[in-house]
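Contents: one structure, followed by commentary.
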Amino acid sequence: NAGVTQTPKFRILKIGQSMTLQCTQDMNHNYMYWYRQDPGMGLKLIYYSVGAGITDKGEVPNGYNVSRSTTEDFPLRLELAAPSQTSVYFCASRTSMGGEQFFGPGTRLTVL
Amino acid sequence: GDSVTQMEGPVTLSEEAFLTINCTYTATGYPSLFWYVQYPGEGLQLLLKATKADDKGSNKGFEATYRKETTSFHLEKGSVQVSDSAVYFCARSEGSNYQLIWGAGTKLIIKP
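These protein sequence lines are chains X and W, in that order.
Offset between the first sequence (1-based) and the working numbering: plus 31.
Offset between the second sequence (1-based) and the working numbering: plus 298.
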């Protein structure tokens with residue numbers, strides 16, 4: 032199993048550009064999460080999903096959108112990039128049982 | 299509000315020293331508690347967890363005990379190695395969707 036994979040690893044955007052961060056898991060997990068990690072800070076939850084077709088906002092959803100058309104994929108969309116969205120983005124997943132979340136390697140995004 | 303508080307880093311120790319990283323939490327009810335570790339350039343991975351009061355989680359020589367009376371989950375290791383250098387995150391579960399509330403992370407530097 033590859034676990035949780037994320038693409039791209041790095042990206043630089045100009046203000047106002049759009050992009051989609053990809054996340055795929057091959058563990059058949061129902062729950063998936065998107066976090067951002069700012070320097071020296073803990074993780075903040077952006078959006079999460081409890082299964083295909085179901086998504087909900089986390090703590091910091093503004094400026095982002097998500098979709099969950101399949102169990103495996105949970106892309107995160109930035110429509111109008113702003114410098115405040117410069118961060119490292121992590122995708123995670125877990126089963127319905129138990130609390131452990133499995134993380135992808137992250138995407139480092141810089142908005143200039 | 300409900301939160302997780304960790305000791306600030308960086309924590310710098312010599313190899314074979316004793317390690318303690320403090321973590322306290324606030325919550326209604328009895329959450330599950332976690333320690334995650336993030337090695338440089340990687341995503342987070344679960345180090346250990348405890349699901350009820352007085353439980354002790356352990357892994358790779360690290361231990362933490364769920365202390366309900368002091369609402370704490372301090373991470374300890376008897377003899378650290380250079381390879382333990384990483385950022386350590388304390389987290390607790392939240393709600394029926396088992397979201398995680400994260401501490402800010404503590405950077406650990408072990409010198410040979």
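Just so you know, even glycine gets a beta-carbon here, dropped at the ideal spot from N, CA and C.
Discussion item. Can you pull the chain X neighbours of G401(W), defined as C-beta to C-beta under 7 Å?
Written reply: Going along chain X in sequence order, the residues near G401(W) (Cβ under 7 Å) are G73.
Discussion item. Assuming contact is defined by CB atoms lying nearer than 8 Å, are R108(X) and T36(X) in contact in what I supplied?
Written reply: Result no, Cβ atoms of R108(X) and T36(X) do not sit closer than 8 Å.
Item to complete: Output, in chain order, the set of chain B residues within a Cβ distance shorter than 7 Å of Q132(X).
Response: Annotation note: the requested chain B is absent from the structure, which comprises protein chains X and W.
Discussion item. So, with DSSP's three-state summary, where would you put S98(X)?
Written reply: Here DSSP, grouped into helix, strand and coil, assigns S98(X) to coil.
Practice prompt. Starting from L76(X), find everything on chain W with Cβ-Cβ shorter than 7 Å and list it in chain order.
Written response: Near L76(X) (Cβ distances below 7 Å), the residues of chain W are Q397.
Worksheet item: What are the partner residues of N357(W), as DSSP defines its beta bridges?
Response: F360(W), per the DSSP bridge assignment.
Worksheet item: Does the stretch 317-328 of chain W touch the stretch 57-65 of chain X, meaning 3 or more C-beta pairs lie closer than 8 Å?
Response: In short, these stretches do not touch, since the Cβ pair count stays below three.
Fill in: Proximal residues to G28(X) (C-beta, below 7 Å), its chain only, five neighbours per side dropped
With chain X covering 32 to 143 only, the question about residue 28(X) has no answer from this structure.
Fill in: Candidates I399(W), Q304(W), D382(W), F387(W), of which the one nearest I407(W) by Cα
With distances taken between Cα atoms, I407(W) lies closest to D382(W).
Worksheet item: Which residues, in chain order, does the stretch 92-105 of chain X contribute to contact with chain W at a C-beta distance below 9 Å?
Response: Interface annotation for the stretch 92-105 of chain X against chain W: empty, criterion Cβ-Cβ distance under 9 Å.
Practice prompt. Go ahead and pull the three-state DSSP assignment for V91(X).
Written response: Coil, per DSSP.
Item to complete: Would you mind sorting K350(W) into buried or exposed? The rule is 16 or more other CB atoms within 10 Å of its CB.
Response: The residue is exposed, with fewer than 16 neighbouring Cβ atoms inside 10 Å.
Worksheet item: To the nearest angstrom, how far is it from the Cα of T326(W) to the Cα of S301(W)?
Response: One C-alpha to the other measures close to 11 Å.
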